[in-house]
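Have a look at the structure below before the remarks.
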Amino acid sequence: MPKDSGIGASSKRREDVRFLTGAGNYTDDINVHGQAYVHFLRSDIAHGRIKNIDTSAAEAMPGVVKVFTGKDFEGVGGIPCGWEVTDKHGAPMQEPPHPILAQGKVRHVGDPIAAVVADSLEQARDAAEAIDLDIEELPAVLDMKAAAQEGATLVHDDLKNNICYDWQLGETDDAKVNEVFANAAHVTTLDLVNNRLVANPMEPRVAVAEYSRGTEEYTLYTTSQNPHVIRLLMCAFVLGLPEHKVRVVAPDVGGGFGTKIFHYAEEAFCTFAAKACNRPVKWTASRSEAFMSDAQGRDHVSTIELALDADNNFIGLRTDTYANLGAYLSTFSSSVPTWLHGTLMAGNYKTPVIQVNVKAMFTNTVPVDAYRGAGRPEATYQLERVVDKAARELGVDPIALRRQNFVTQFPYDTPVALTYDTGDYNGTMDKLEAAADLAGFAARRSESEANGKLRGLGINCYIEACGIAPSNIVGMLGARAGLYDAATVRVNATGSISVMVGAHSHGQGHETAFPQVVADMIGIDESMVEIVHGDTSKIPFGMGTYGSRSLAVCGSAMVKATEKVIEKAKRIAAHLLEASEADIELKDGQFSVAGTDKSVAWGDVTLTAYVPHNYPLEVEPGLEETAFYDPANFTFPAGAYACEVELDPETGQVSIEKFTAADDFGNIVNPMIVDGQVHGGIGQGIGQALLENCAYDENGQLLSASFMDYAMPRADDVPFYGVDHSSQTPCTHNPLGVKGCGEAGAIGSPPAVVNAVLDALNSGGKAVDHIDMPVSPSRVWAAMNS
Amino acid sequence: MTQVSMTVNGKSVSGDVEGRTLLSSFLRDHLSLTGTHVGCDTAQCGACVVHVNGEAVKSCNMLALEADGADVGTIEGQANQDGSLNVIQQAFQDHHGLQCGFCTPGMVMSAAALLKENPRPTESEIRKYLEGNLCRCTGYHNIVKAIMAASGQDVGHIAAE
Amino acid sequence: MYNFEFEKPSTIADAAAALGSEDAQALGGGQTLIPTLKQRLAAPSSLVSLSGIAEMQGVCIEDDGSVAIGGATPHAVVAREAASSYPALAALAGQIGDPAVRNRGTIGGSLANNDPAACYPAGALGSGATIITNTRQIAAEEFFEGMFSTALDEGEIITSVRFPVPQAASYQKFLQPASRFALVGVYLARFADGVRVAVTGASEDGVFRWSEAEEALNKEFRADALTGLSINPANMIADLHGSKAYRAHLVSVMTKRAIEACM
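Sequence order for the protein chains is A, B and C. Those letters in the first sequence? Residues 5 to 790, by this note's numbering. Those letters in the second sequence? Residues 5 to 165, by this note's numbering. Those letters in the third sequence? Residues 21 to 283, by this note's numbering.
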């Protein structure tokens with residue numbers, strides 16, 4: 005029976021009411037009295053040397069408050085990178101400066117050169133047009149393999165080459181890997197590209213900053229997934245401000261998908277300029293600006309080889325990847341192709357020998373960083389495509405080949421640094437086979453063929469490492485931050501509860517799901533619990549929302565804090581009931597003495613905590629507890645996906661006819677929200693597989709610079725999805741047994757779609773073994789006719 | 005500056021605007037009706053959809069002065085008289101048709117225009133009609149389901165898809 | 021946007037007068053023009069809205085049976101009001117943009133802009149329509165002069181468009197997945213005196229007639245009449261969404277589908 009409240013209930017989202025009535029409070033809805041507006045003059049070339057910037061005419065334009073260039077930021081730090089990767093020779097990665105406004109060179113289309121603050125946005129734009137730029141255009145560095153060659157044009161003149169790091173994970177002995185491949189009965193090799201994407205949350209980025217000369221305090225309203233991280237990076241590394249004088253607020257945020265994790269130049273600029281101009285300063289990105297200033301995602305070029313023995317067991321895996329970092333290191337960019345990618349190359353399989361090689365490259369393109377899944381989709385795509393190709397080459401059933409190689413014993417230490425705590429990959433595959441009605445596929449294929457269409461079935465398995473993660477481990481791996489989270493549970497005198505959390509909700513439904521947990525633990529109505537998030541002046545220091553971590557990490561902190569509250573409340577209840585603390589039980593909001601009918605209500609205890617007349621002397625008044633939680637391991641959600649496509653052989657057009665996901669997320673707090681997260685991830689994964697492509701021309705001009713050329717998935721590009729998460733192996737190391745569900749759909753779906761398209765083509769007699777994403781009609785047609 | 009007057013959510017309003025002032029700016033900046041969102045600059049995303057004389061339009065792609073004398077409806081005027089959610093809004097909440105909420109006002113306004121034109125749309129008619137409304141969170145599943153439910157159709161089978 | 025004066029005349033004569041001033045520009049539904057202005061790619065001194073001119077609105081049937089559409093008629097109105105008099109054209113109008121765009125965008129605006137991937141140019145050229153302006157009548161053949169270029173003079177206003185109604189017609193649009201303009205769109209119209217095939221989205225020269233296909237279909241109106249015919253890819257558009265060869269191929273496929281739809 006589905007529950008109607010608490011953990012496991014599909015409680016309706018309370019935040020919906022404000023969003024449905026136009027009463028949300030997004031950053032662009034915030035206007036501060038007297039605010040000025042900033043317009044950034046951005047580079048329209050990919051690479052150039054700045055000879056001169058003359059702002060004198062612009063400064064004289066109507067309404068202009070001040071014009072800033074890189075010179076104004078010479079004494080200020082640059083945007084930091086939060087993760088130092090060590091290369092395979094033990095050297096630290098090359099880490100070039102990332103200035104707020106360009107200094108010396110421009111390095112990508114969209115690189116901010118100057119900023120005009122004016123009374124109105126249009127005045128700022130007018131004045132920006134009057135800035136006289138003298139920039140010598142340089143050859144653009146775009147192709148990663150060419151960029152890695154000796155003598156290539158340098159993106160950063162002070163670096164020895166364009167390679168940020170040359171990194172390796174897994175088996176370091178090349179001879180041993182070569183031997184495995186030499187002894188293999190079969191080797192499948194695949195070259196593939198993981199296409200560059202633009203996250204495109206529907207709300208573009210916005211920053212509004214104000215400064216009070218009276219109190220020397222700053223307030224920055226910004227579209228962020230993690231306001232404390234922004235405050236720390238901006239204060240400690242960029243502007244050199246005292247953290248306690250800076251308040252960062254991320255109010256309602258219109259989607260993030262990773263690209264709102266990072267600290268961006270524009271928010272630091274507004275904070276800096278608010279003091280320099282002694283006026284609040286507001287910046288609202290247009291969508292066109294977002295395409296050239298939001299960190300982009302993916303962009304890997306890989307070769308993967310899978311070695312199998314005569315019984316089709318996976319015996320070795322080797323992969324070489326060029327990962328595009330763009331022109332500068334964004335906040336977590338260095339970690340994505342390494343610790344979030346290489347570590348996942350074992351997938352769901354017990355391959356004993358794995359070697360992962362990654363060269364991370366600087367190019368004259370927009371910086372690349374985490375986008376939903378972040379490294380894990382790239383790993384899954386490589387692995388699951390090569391497994392599928394191997395099955396086709398060997399003439400074996402792709403599901404059987406996967407099942408044969410699944411990890412079945414847990415905990416499992418992979419050859420690439422992770423320990424999977426739990427899982428049931430066969431059980432999850434069983435769920436998929438039933439939910440997707442794979443038995444009925446042959447009949448559906450016949451029906452499609454009768455209509456002149458080809459039909460294909462694509463299978464994919466994934467595992468992801470979520471929770472991001474134990475601080476001591478990520479610290480050893482180069483993270484410059486801890487990755488715990490925090491919650492404060494404040495019980496009010498009348499028994500209602502405010503929970504201040506470090507996680508940020510921008511679509512994930514924390515305001516609904518988190519109270520379900522606290523209310524369930526105490527046995528009170530969910531409506532008595534309220535979540536406070538997104539404001540550094542109100543919440544404990546938390547690391548924010550990304551990596552499917554909110555419930556697993558911040559939720560665990562919340563559970564710990566609630567446990568402390570309950571423990572203290574029991575001491576008060578024991579005093580009121582004149583019983584021993586050990587005999588007090590809490591159920592349905594009543595404290596009772598075990599084995600008696602004596603009880604006291606939650607509200608009476610909380611009131612007593614704040615009106616401590618009849619009160620235990622050794623207990624402090626009040627009822628408020630904070631807990632920080634640092635996980636013991638990553639969590640490992642896993643799943644199996646099936647995609648069915650129809651393909652029009654005349655045009656190459658692919659349509660998704662059926663998509664089914666079976667996921668193991670461990671325990672689930674709100675099934676409705678979990679379904680929704682999976683739906684959204686699948687939508688984005690289908691987008692990557694069929695539609696989305698962030699492309700540059702040979703000069704580094706962005707070809708997909710607006711929604712006119714960057715194909716976002718629309719309602720008629722996707723079907724209803726089937727989602728099953730009844731396969732549940734609870735996480736073994738966090739109190740809720742939860743694993744995280746935010747990224748699964750985006751990780752699991754692209755290979756399923758591509759595998760389905762190739763299955764369709766091969767079923768029609770077209771021996772096509774690979775098409776790069778997006779699998780557009782044009783590419784399908786070209787592959788069919790090559 | 006030119007004076008523009010219109011009826012917004014049943015109330016007469018007026019203001020001084022420039023020729024270039026967009027209807028979306030007039031609503032957001034002059035009237036503080038910030039429920040209408042701007043998500044792109046090429047008339048693709050639909051977060052800004054409002055009703056002008058009963059028809060869905062993209063308010064960031066229409067000049068405020070073009071709406072002079074018009075009857076404009078925005079998301080702020082959609083709830084029932086008593087403040088409760090209307091049928092479409094309620095269906096969106098019941099079926100989890102929104103996540104971050106940014107595209108939601110445009111989705112609700114488009115859904116209302118669709119149901120006025122076609123009171124019992126099929127799944128594919130809904131998907132087609134939403135061609136001009138982008139959502140990045142939901143994968144559209146629950147939006148389509150909510151609109152079907154709002155039109156009185158049984159959506160019980162969809163969860164089991 | 022740069023600022024501009026806004027005018028909304030109620031007669032064609034007043035609009036023509038307003039458009040006589042330097043750098044004045046006509047505003048149809050603005051669905052392309054406003055995004056262009058946002059990018060500061062145009063700087064008109066004044067915009068003259070044509071939406072307040074009653075005589076430029078609506079769909080009517082002329083005495084000779086042709087369908088006349090006011091230049092300021094939105095696509096949604098054409099989709100509705102021409103549905104019985106000229107269903108293929110109404111269907112074309114119903115495929116432009118999205119519902120909200122169709123409520124604003126106008127036939128006159130679309131034709132005057134002559135986007136190489138727009139739908140209406142194919143409908144007008146394929147139908148052999150006459151573009152009627154405040155000063156003259158222009159045959160579709162003479163009107164389209166390559167991408168974003170037309171025979172219109174400065175300040176000239178499309179007041180209406182007259183479409184002869186064929187015995188059968190079909191518009192087959194293959195979507196560019198991002199913009200939802202036509203990657204290739206083929207408008208085929210079968211008249212008593214011959215078949216017209218107009219292609220949009222495909223050519224660097226904008227909308228064009230595929231005369232070889234017309235000749236073949238005039239001999240024999242069947243889908244396999246196109247066998248052996250192909251479009252030279254040399255002048256086709258190549259971009260992110262499709263190569264020249266792919267577009268050339270799609271022209272054949274969409275034409276074949278249009279023929280089948282007319283059977």
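Ideal Cβ placement from N, Cα and C applies to all residues, glycine included. Note that the coordinates shown come from a computational prediction; the quantities given were computed from them, not determined experimentally.
| field | Test: B:G136 CB closer than 8 angstroms to a CB of chain C | value | Contact with chain C is found for B:G136, since one of that chain's Cβ atoms lies less than 8 angstroms from the residue's Cβ.
| Three-pair Cβ contact test at 8 angstroms for the segment 91-111 of chain B versus the segment 146-163 of chain B | Taking a cut-off of 8 angstroms for Cβ pairs, the segment 91-111 of chain B and the segment 146-163 of chain B touch, as three or more such pairs fall below it.
| C-alpha distance - B:A164 paired with B:I151, whole-angstrom precision | Because B:A164 carries a pLDDT of 47, less than 50, the predicted location of this residue cannot be relied on, and no value is offered for it.
| query | Hey, quick one: how far does the beta strand (DSSP E) through B:H55 stretch, first residue to last? | reply | Its beta strand (DSSP E) spans residues 53-56.
| What are the start and end residues of each continuous beta strand (DSSP E) run of 3 or more residues lying completely inside the segment 426-504 of chain A, in chain order? | Listed in chain order, the complete beta strand (DSSP E) runs (minimum 3 residues) inside the segment 426-504 of chain A are 458-467, 489-495.
| request: Output the residue ranges of the alpha helix (DSSP H) runs that lie fully inside the segment 109-164 of chain A and measure 4 residues or longer, sorted by chain position. | output: Annotation: the segment 109-164 of chain A contains the following complete segments of the alpha helix (DSSP H) (minimum length 4 residues), in chain order: 125-133, 148-151.
| query | Expressed to the nearest angstrom, what Euclidean distance is found between the alpha-carbon atoms of A:A556 and A:I463? | reply | Roughly 28 angstroms separates the two Cα atoms.
| field | CA nearest to the CA of A:E453, picked from A:I576, A:D652, A:C745, A:G741 | value | Considering only alpha carbons, the answer is A:D652.
| message | At the level of alpha carbons, what is the spacing between A:L458 and A:S790? | response | Cα-Cα distance, rounded: 18 angstroms.
| query | Based on the DSSP secondary-structure assignment, which residues constitute the bridge partners of B:Y144? | reply | Answer by DSSP bridge pairing: none, since B:Y144 is not bridged.
| field | Inter-stretch contact at 8 angstroms, needing at least 3 Cβ pairs: the segment 514-530 of chain A / the segment 672-681 of chain A | value | Taking a cut-off of 8 angstroms for Cβ pairs, the segment 514-530 of chain A and the segment 672-681 of chain A touch, as three or more such pairs fall below it.
| message | Can you tell me whether A:N56 is helix, strand or coil according to DSSP? | response | A:N56: strand per DSSP, three-state reduction.
| request: Drop a sphere of 10 angstroms on the beta-carbon of A:D195, count the other beta-carbons inside from all chains shown, and report buried for 16 or more, exposed for fewer. | output: By the 16-neighbour rule on beta-carbons within 10 angstroms, A:D195 is exposed.
| message | Quick check on C:S263 - is its C-beta less than 8 angstroms from some C-beta in chain A? | response | Interface annotation, C:S263: in contact with chain A, CB-CB separation under 8 angstroms.
| Element boundaries [alpha helix (DSSP H), containing A:S753] | For A:S753, the uninterrupted alpha helix (DSSP H) segment begins and ends at 748-767.
| message | As a quick exercise: from A:F72, A:T335, A:N352, pick the residue whose alpha carbon is nearest that of A:V89. | response | Cα-wise, what sits closest to A:V89 is A:T335.
| request: Taking only beta carbons into account, state which residues of the segment 45-71 of chain B come closer than 7 angstroms to chain C, listed in chain order. | output: Hits within the stretch, in order: D45, T46, A47, G50, V53, E59, A60, V61, K62, N65, M66, L67, L69, E70.
| request: Report the three-state DSSP secondary structure of A:C647 (helix, strand or coil). | output: Note: A:C647 maps to strand in three-state DSSP.
| Straight-line CA distance for C:V87 to C:R182? | Approximately 6 angstroms between the Cα atoms of the pair.
| Straight-line gap, A:A188 to A:S306 (C-alpha atoms, nearest Å) | Cα to Cα, A:A188 sits roughly 21 angstroms from A:S306.
| query | Would the beta-carbon of A:N230 fall within 8 angstroms of that of A:M504? | reply | At the C-beta level, A:N230 and A:M504 stay beyond 8 angstroms of one another.
| request: Give me the Cα-Cα distance between A:S124 and B:T108, rounded to the nearest whole angstrom. | output: Rounded to the nearest angstrom, the two C-alpha atoms are 29 angstroms apart.
| said: Alpha carbons only, please: which of A:E650, A:E133, A:Y215 is nearest the one belonging to A:S450? | reply: Proximity to A:S450 across A:E650, A:E133, A:Y215 peaks at A:E650, based on C-alpha coordinates.
| message | For a cutoff of 8 angstroms on Cβ pairs, would you count A:Y225 as touching chain B? | response | Taking Cβ atoms only, chain B never reaches closer than 8 angstroms to A:Y225, which makes this a no.
| said: Within the continuous beta strand (DSSP E) that includes A:F663, where are the two ends? | reply: For A:F663, the enclosing beta strand (DSSP E) begins and ends at 658-668.
| message | Here's the rule I'm using: 16 or more other beta-carbon atoms within 10 Å means buried, otherwise exposed. How should B:G156 be labelled? | response | Exposed is the call here.
| Of the residues A:K264, A:Y614, A:T610, the one placed nearest A:G551, counting alpha carbons only | Its Cα nearest to that of A:G551, the residue A:K264 stands out among A:K264, A:Y614, A:T610.
| field | C:N133 - DSSP class collapsed to helix/strand/coil | value | Residue state, collapsed to three classes: helix.
| field | Inter-residue CB distance, A:G301 and A:V372 (contact presumed, cutoff 8 angstroms) | value | Going by Cβ atoms, the distance from A:G301 to A:V372 rounds to 6 angstroms, so yes, they are a contact pair.
| task | Would you identify the three-state DSSP class for C:N238, choosing helix, strand or coil? | result | Here C:N238 carries a helix assignment [DSSP, helix/strand/coil].
| Can at least three beta-carbon pairs, one atom from the segment 467-475 of chain A and one from the segment 524-534 of chain A, be found at a separation below 8 angstroms? | The segment 467-475 of chain A is not in contact with the segment 524-534 of chain A.
| said: Tell me which residues of the segment 15-28 of chain A have at least one Cβ-Cβ distance to chain B shorter than 8 angstroms, keeping chain order. | reply: Of all residues in the segment 15-28 of chain A, those with a C-beta nearer than 8 angstroms to a C-beta of chain B are K16, R17, E19, D20, V21, R22, F23, L24, T25, G26, A27, G28, reading in chain order.
| For A:E221: DSSP bridge partner residues | A:E221 is bridged to A:S216.
| query | How big is the Cα-Cα spacing for A:P415 and A:T733? | reply | Between A:P415 and A:T733, the alpha-carbon positions lie close to 12 angstroms from each other.
| said: Just verifying my parser: in three-state terms, what is the DSSP assignment at C:L112? | reply: In this structure, C:L112 counts as helix in the three-state DSSP scheme.
| query | On the premise that C:G146 lies in contact with C:V217, defined as a C-beta separation below 8 angstroms, what is that separation, rounded to the nearest angstrom? | reply | About 7 angstroms; that satisfies the 8 angstroms criterion.
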